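Structure first, commentary second.
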Amino acid sequence: DKSDFEKELFVKVRSTGKLIKAKIDIQDTSANVNLLEEEQGIAPGQACVFYSKNNLGYKVLGGGWIKS
């Protein structure tokens, strides 16, 4: 649901990484992810998973592979 992407969002780049605040702009089958916190060592080929937070915890919205 696109309305989920209007809320405060987070991304995780590594399975053991921390949740990072981000703004995500969905365009057809791709997304532009703008990190709102600093993160080091992000590279093409890594996965990026999108999350939102509600009163029950974090909800996975989707994700994809980093191109650049």
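This note's numbering numbers the first residue of the sequence shown as 555 and each following residue consecutively.
Think of the CB as a built atom: it goes at the ideal place given N, C-alpha and C, for glycine as much as any other residue.
Every value quoted in this text rests on a predicted model; they were computed, and no experiment measured them.
By the C-beta density criterion, Val614 is exposed, having fewer than 16 other C-beta atoms within 10 angstroms. Counting along the chain, the unbroken beta strand (DSSP E) around Asp579 starts and ends at Ile574 to Gln581. Nearest neighbour of Lys561 by Cα position, chosen from Lys575, Ser584 and Gln594, turns out to be Lys575. The three-state secondary structure of Lys607, taken from DSSP, is strand.
The C-beta separation of Gln600 from Val565 comes to about 11 Å, leaving the pair out of contact by the 8 Å criterion.
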